[in-house]
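*Asks:*
Chains as they are written, first to last, in my numbering: chain F, 10 to 415; chain H, 91 to 202.
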């Protein structure tokens with residue numbers, strides 16, 4: 010790897026690392042004050058276990074080997090980073106593994122928002138790493154180094170592999186876990202909107218590494234991915250806000266934050282494949298669709314506490330499918346399929362849909378299985394009293410806000 | 091002696107404080123409280139879902155005064171705290187059997 014590329018990948022890796030704390034604040038602010046530390050710890054737990062799991066076994070299963078059975082799951086050649094040196098490639102492999110490790114860290118963390126307020130921490134502590142190995146790693150393999158990618162579907166920075174994957178897993182998880190006590194009759198307002206807004210800022214900042222870094226080089230594609238990340242987030246934040254203003258009467262902070270994140274999610278799969286006004290269109294569409302999608306949970310009766318399904322699953326799906334319309338290979342001089350709006354046929358659109366359907370089915374079924382096994386063994390829910398008095402004290406013996414600290 | 095308890099709109103505290111000073115009342119106890127009355131609550135909207143806030147924030151001001159000045163102080167507080175709009179709050183007066191100034195041991199109205 011050239012020096013310039015290496016520098017950008019390393020910087021991007023650090024940016025993506027910062028997204029997990031950002032996500033923790035984004036979710037934590039939306040949570041109740043008695044459960045905010047539990048939310049932060051569910052996210053920080055991922056920062057403790059995923060890096061180790063990734064270099065020990067995750068990376069080799071996700072990336073090592075080629076063809077045959079390795080179209081489905083990697084070999085064990087790089088277990089414990091075996092034989093990965095810095096002499097031959099200027100440290101490029103090590104930098105890339107670290108960069109991808111940040112993705113392995115934040116992807117399970119995304120699910121925490123759905124199970125907020127009621128999941129036993131011991132169950133989460135097992136669920137998150139098991140999910141990373143059994144769901145994130147195989148889907149990542151199929152999309153980036155396996156059969157789904159080989160067929161022609163594209164996913165620049167993880168729309169299918171990360172957001173659709175974690176989003177549908179969130180739905181499966183809450184179906185096993187059950188509703189929060191008092192939902193939906195009792196309101197669950199965010200306890201700290203400022204925390205949500207700073208979390209959103211950190212996420213947007215980090216997402217430049219997530220998307221532009223996924224070019225794995227300091228090049229034109231990275232520059233365009235950076236621009237797309239900038240534009241789609243703004244467009245989606247704006248369109249979400251406008252829908253709320255028309256429908257509910259106000260421009261809200263939570264609407265702006267949710268729209269920004271929905272736009273970032275939607276542009277993630279498309280970041281290195283769309284150009285011109287494409288990112289603005291994708292952002293505007295994602296903001297409107299996701300704004301309505303978060304209302305589905307109360308109609309359908311699944312308690313996805315902080316809207317992981319409505320924002321990450323729906324946003325990721327929207328972005329991934331819109332690639333079929335907006336992909337512009339000529340702009341990038343790339344050899345990926347052409348979108349319908351740029352003269353392509355429906356082949357790319359079909360492959361995008363197929364890849365997502367496969368990811369959705371696999372992730373839903375396996376996640377449901379993991380949660381179900383945890384439920385019948387150690388149990389996944391805190392007791393009713395803990396749910397009422399708060400998870401911070403019962404699960405962590407800590408309190409976020411002391412009324413009288415003096 | 092009487093205990094005057096006033097539940098007021100938080101933004102009126104400064105006016106009430108000034109009015110009490112002008113009425114030569116030097117001591118008060120202040121508590122942040124929440125309550126419901128004819129004003130009702132308000133509605134907040136998060137991601138399109140309405141959340142009803144039934145109890146609105148108020149301040150509770152407690153003052154102990156001698157019998158002779160009670161009416162004057164009550165009137166002063168009422169004038170200072172009023173906006174004429176719903177939700178201005180209430181003032182009630184209760185009897186106080188005894189009062190002690192801890193520092194000096196003075197009792198009764200001398201301790202006011």
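Don't be surprised by glycine CBs; every beta carbon is placed ideally from N, CA and C.
(1) Determine the direct distance from the alpha carbon of residue 157 of chain H to that of residue 267 of chain F, and round the result to whole angstroms.
(2) Select from H:119, H:170, H:132 the residue whose C-alpha is nearest the C-alpha of residue 106 of chain H.
(3) Residues in its own chain within less than 6 Å of residue 162 of chain F by CB, not counting five upstream and five downstream?
(4) Determine the extent of the beta strand (DSSP E) in which residue 147 of chain H is found, giving its start and end residues.
(5) Are the beta-carbon atoms of residue 319 of chain F and residue 299 of chain F separated by less than 8 Å?
(6) With a threshold of 8 Å between beta-carbons, can residue 131 of chain H be considered close to chain F, or not?
(7) What are the uninterrupted segments assigned as alpha helix (DSSP H) that are 4 or more residues long and contained completely in the stretch 137-185 of chain F, given in chain order?
(8) Do residue 83 of chain F and residue 102 of chain F have their C-beta atoms within less than 8 Å of each other?
(9) For residue 263 of chain F, go through chain C and note every residue whose CB falls closer than 9 Å to its CB, in chain order.
(10) Following the continuous alpha helix (DSSP H) through residue 114 of chain F, name the residue where it begins and the one where it ends.
(11) Which residues in chain H sit within 9 Å of residue 253 of chain F, going by Cβ to Cβ distance?
(12) Mind checking who residue 182 of chain H pairs with in its DSSP beta bridge?
(13) Please give me, in chain order, every unbroken run of the beta strand (DSSP E) with length at least 3 that falls completely inside the stretch 99-153 of chain H.
(14) Does residue 390 of chain F come out as helix, strand or coil in the three-state DSSP assignment?
(15) At least one CB of chain H closer than 8 Å to the CB of residue 304 of chain F: is that the case?
(16) Since I believe residue 38 of chain F is in contact with residue 202 of chain F (beta carbons under 8 Å), could you give me their beta-carbon distance rounded to a whole number of angstroms?
(17) Taking DSSP's pairing of strands, which residues face residue 128 of chain F in a bridge?
(18) Determine the DSSP secondary structure at residue 283 of chain F, reduced to helix, strand or coil.
(19) Would DSSP call residue 191 of chain H helix, strand or coil?
(20) Are any of the Cβ atoms in chain H nearer than 8 Å to that of residue 259 of chain F?
(21) In the DSSP output, which residue or residues are listed as bridge partners for residue 207 of chain H?
(22) How would you list, in chain order, the residues of chain H whose beta-carbon sits under 9 Å from the beta-carbon of residue 196 of chain F?
(23) Is the Cβ of residue 40 of chain F closer than 8 Å to any Cβ of chain H?
(24) With H, G and I counted as helix, E and B as strand and the rest as coil, what does DSSP make of residue 194 of chain F?
(25) Assuming contact is defined by CB atoms lying nearer than 8 Å, are residue 180 of chain F and residue 35 of chain F in contact in what I supplied?
(26) Looking only at C-alpha atoms, which of H:172, H:129, H:108, H:188 sits nearest to residue 147 of chain H?
(27) Compare the C-alpha of residue 390 of chain F against each of F:238, F:128, F:279 and name the closest.
(28) Secondary structure at residue 324 of chain F, three-state DSSP: helix, strand or coil?
(29) Tell me the DSSP secondary structure of residue 377 of chain F in three-state form.
(30) Compute every distance between the C-beta of residue 335 of chain F and the non-hydrogen atoms of the ligand GDP, then say whether any falls below 7 Å.
(31) Of all the CB atoms in chain H, is at least one closer than 8 Å to the CB of residue 316 of chain F?
(32) Where do the N-terminal and C-terminal ends of the alpha helix (DSSP H) with residue 175 of chain H fall, by residue?
(33) I'd like the span of the alpha helix (DSSP H) that includes residue 16 of chain F, first residue to last.
*Replies:* Result, derived from the coordinates:
(1) Residue numbering aside, residue 267 of chain F sits at position 258 when the first chain is read from its first letter. Residue numbering aside, residue 157 of chain H sits at position 67 when the second chain is read from its first letter. Roughly 58 Å between the two C-alpha positions.
(2) The sequence position of residue 106 of chain H within the second chain is 16, counting from 1. Ranking the options by Cα distance to residue 106 of chain H, first place goes to H:170.
(3) Taking the first residue of the first chain as 1, we reach residue 162 of chain F at position 153. Counting only Cβ-Cβ distances below 6 Å, and skipping sequence neighbours, we find 360, 361, 364.
(4) Your numbering for residue 147 of chain H matches position 57 in the second chain. Counting along the chain, the beta strand (DSSP E) containing residue 147 of chain H begins and ends at 146-155.
(5) One-based indexing of the first chain puts residue 319 of chain F at position 310. One-based indexing of the first chain puts residue 299 of chain F at position 290. The answer is yes: Cβ separation under 8 Å.
(6) Along the second chain, one-based indexing puts residue 131 of chain H at 41. Chain F contact via Cβ: absent.
(7) 146-154, 156-160
(8) For the purposes of this step, residue 83 of chain F is identified with residue 74 of the first chain, where counting begins at 1. For the purposes of this step, residue 102 of chain F is identified with residue 93 of the first chain, where counting begins at 1. The answer is no: Cβ separation not under 8 Å.
(9) In the structure shown, chain C cannot be found, because the protein chains are F and H.
(10) Counting from 1 along the first chain, the entry for residue 114 of chain F is found at position 105. Taken as a continuous stretch (DSSP letters only), the alpha helix (DSSP H) holding residue 114 of chain F covers 101-120.
(11) By one-based count along the first chain, residue 253 of chain F stands at place 244. By Cβ distance, chain H contributes 135, 137, 138.
(12) In the second chain, residue 182 of chain H corresponds to position 92, counting from 1. Partner(s): H:95.
(13) 119-125, 132-136, 139-143
(14) Working through the first chain from its first residue, we reach residue 390 of chain F at position 381. Note: residue 390 of chain F maps to strand in three-state DSSP.
(15) Reading the first chain from its first residue, position 295 is the one you call residue 304 of chain F. True, the Cβ-Cβ gap to chain H drops below 8 Å.
(16) One-based indexing of the first chain puts residue 202 of chain F at position 193. One-based indexing of the first chain puts residue 38 of chain F at position 29. Confirmed, about 6 Å.
(17) Start at 1 with the first residue of the first chain, and residue 128 of chain F comes out as number 119. For residue 128 of chain F, which the question treats as bridged, DSSP gives the partners F:390.
(18) One-based indexing of the first chain puts residue 283 of chain F at position 274. Coil, per DSSP.
(19) Counting from 1 along the second chain, the entry for residue 191 of chain H is found at position 101. Looking at residue 191 of chain H - three-state DSSP - the assignment turns out to be coil, as it is neither helix nor strand.
(20) Indexing the first chain from 1 puts residue 259 of chain F at position 250. It does; some Cβ of chain H falls within 8 Å.
(21) It is not possible to answer for residue 207 of chain H, since the shown part of chain H is limited to 91 through 202.
(22) What you label residue 196 of chain F is simply residue 187 of the first chain in a count that begins at 1. 134, 136, 139, 140, 141, 142, 143, listed in chain order.
(23) On the first chain, position 31 is the one that residue 40 of chain F refers to. No, residue 40 of chain F lies away from the interface with chain H (no Cβ there is under 8 Å from its Cβ).
(24) Along the first chain, read from residue 1 onward, the residue named residue 194 of chain F stands at position 185. The answer is coil: DSSP assigns residue 194 of chain F none of H, G, I, E or B.
(25) The residue given as residue 180 of chain F occupies position 171 in the first chain. The residue given as residue 35 of chain F occupies position 26 in the first chain. The answer is no: Cβ separation not under 8 Å.
(26) Here residue 147 of chain H is taken as the residue at index 57 of the second chain, counted from 1. Answer by Cα proximity: H:129.
(27) On the first chain, position 381 is the one that residue 390 of chain F refers to. The shortest C-alpha separation from residue 390 of chain F is found at F:128.
(28) Sequence index remark: in the first chain, residue 324 of chain F carries index 315 (1-based). Helix, per DSSP.
(29) Within the first chain, residue 377 of chain F is the residue found at index 368, counting from 1. Correct three-state label for residue 377 of chain F: helix.
(30) Among the components modelled here there is no ligand, and therefore nothing to report on the ligand GDP.
(31) For the purposes of this step, residue 316 of chain F is identified with residue 307 of the first chain, where counting begins at 1. Yes, residue 316 of chain F lies at the interface with chain H (some Cβ there is under 8 Å from its Cβ).
(32) Looking up residue 175 of chain H in the second chain gives position 85. That residue, residue 175 of chain H, is in no alpha helix (DSSP H); it is neither H nor E in DSSP.
(33) If you number the first chain from 1, residue 16 of chain F lands on position 7. Residues 12-39.
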